[in-house]
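Here the structure is laid out as structure tokens; the discussion comes afterwards.
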Amino acid sequence: MKDTWIVIPAYNEEKTLAKVLRDLREAGYENTLVVDDGSIDETLKIAEEHAAATVSHKLNRGLGGALGTGIEGAVRLGAEYIVTFDGDGQHSTDDLQKVLAPLRRRETDVVIGSRLLNPDGMPWYRRAQNWVANMLTFVLFGVWTTDSQSGLRAFNRKAAQAITIRTNRMEVSSEIIREIGYHGLRFKEVPIQAIYTDYSLSKGQNIFVGLKTLAKLIMHRIAH
Amino acid sequence: MDNYLIQIVGSAFVLFAWSRVFLRYRDDTLSLWGLLFWSLIWIAVLVVLFLPHMTDLIAERLGIGRGVDVFIYSSIVVLFYLVYRVYVKIESIEQEITKVVREESLHDLKKKK
């Protein structure tokens, strides 16, 4: 899969990153690009050891900053297909095929792996939180998704070049949805598994980060 | 002169604040519009300090009970606006920082053999 790059934003993921990268390689995805987002642990060292390419932010810029760098980097490396994949081990490599297939068939430009078309194993409070995020994404940006906050997304080259990520932090997930709507990109959701461990839950958006994300989204809507 | 003390302290503060504004304008961190905006704000404060009854006239026009309330309401509105401006500014600075960090990190991007 030489034409596909897997972008992994990583901030202090030393516990899980090596396994994630090994699993990806074993599944046949040798092109992995880790964006170390100014980690203060061994993330960068692990990435340099196991990933096909690594870039490192001198300062922590947040998820949005890291994703923007990763997508831009993958485009520069000549990727035809770009997948964003979380470094905390919550995604299964089996799902990569599912998000890539519609792109390869040229049916669509962007695929989002939705954890909620198949929500087994997601704690109820996470489901409720996701529903609120989806509602808001719809009200603010006019695109309905079942899982606007999903970290597993696939883009073809055209979409990756069109999408501009301006926000730095967690609100990036909704911003990507907005960009899809804005550029009139074709977009599809496929069901994926989410592997919820205490670790991956602790890394996601808790309710306070969620509220902050909401405030920022509304401010953005007013400012732009 | 029953408002004696507030007028002295108030004027001293206005002078101080306006001198800061002027200095920022002189070293080019503040635009001409910024200078005018802030000068107007501080002149308005001076007017209110020395002619508090001016605000009663405005209050009457606007249907607000007391003159001093007009002053407080408009101060809050101005504060909200300024906080919003600061928010937008910080956000755009954050985005600029990300651009710099991103370009720097992508500088020596290549695939490991």
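Line by line, the protein sequences give chains F and B.
In terms of this note's numbering, the first sequence is residues 124 to 347.
In terms of this note's numbering, the second sequence is residues 34 to 146.
Ideal Cβ placement from N, Cα and C applies to all residues, glycine included.
Computed from a predicted model, the values in this text were never measured in an experiment.
If you check each beta-carbon in the stretch 124 to 136 of chain B against every beta-carbon of chain F, the ones closer than 8 Å belong to E124, E127, Q128, I130, T131, V134 and R135. Assignment of beta-bridge partners to T207/F by DSSP yields V130/F and R276/F. Residue-level contact check: A175/F touches chain B, since one or more beta carbons of chain B fall below 8 Å from its beta carbon. Sorting W254/F, I235/F and G161/F by C-alpha distance to the C-alpha of T177/F places G161/F at the top. When rounded, the separation of the alpha-carbon atoms in V143/F and G304/F is 31 Å.
What T192/F touches in chain B, judged by beta-carbon distance under 7 Å, is R135, S138 and L139, going in chain order.
L84/B sits in coil when the DSSP states are folded into three classes, being neither helix nor strand. Taking a contact to require three or more Cβ pairs closer than 8 Å, the stretch 220 to 231 of chain F and the stretch 289 to 304 of chain F do not qualify as touching. Using a CB distance cut-off of 8 Å, Y114/B does not count as an interface residue toward chain F. For K144/B, a Cβ of chain F is located within less than 8 Å of the residue's own Cβ. The contact set of V178/F on chain B, defined by CB atoms closer than 7 Å, consists of S138, L139 and L142 in chain order. Contacts with chain B (Cβ-Cβ distance below 7 Å) from the stretch 194 to 209 of chain F involve E195, G196, R199 and L200, listed in chain order. The alpha-carbon of V134/B is positioned some 12 Å away from that of I126/B. Judged by DSSP secondary structure, I315/F falls outside any alpha helix (DSSP H); it is assigned neither H nor E. The beta carbon of I318/F is closer than 8 Å to those of G212, Q213, H214, S215 and G244 in its chain, skipping five residues each way along the sequence. Assigned with DSSP and collapsed to three states, T177/F falls in strand.
At least 8 Å separates the beta-carbon of D126/F from that of E230/F. Of all C-beta pairs linking the stretch 143 to 159 of chain F to the stretch 191 to 208 of chain F, three or more are shorter than 8 Å, placing the two stretches in contact. A283/F is positioned such that its CB atom lies closer than 8 Å to that of A197/F. Put simply, the backbone Cα of E136/F is about 45 Å away from that of V110/B.
Nearest CB-CB separation between Y120/B and chain F: below the 8 Å threshold. Those residues of the stretch 213 to 241 of chain F placed with their C-beta closer than 7 Å to a C-beta in chain B do not exist. Less than 8 Å divides the Cβ of R276/F from the Cβ of V233/F.
Within the same chain, and ignoring the five residues on either side of V101/B in sequence, the residues whose Cβ sits closer than 8 Å to its Cβ are P85 and T88.
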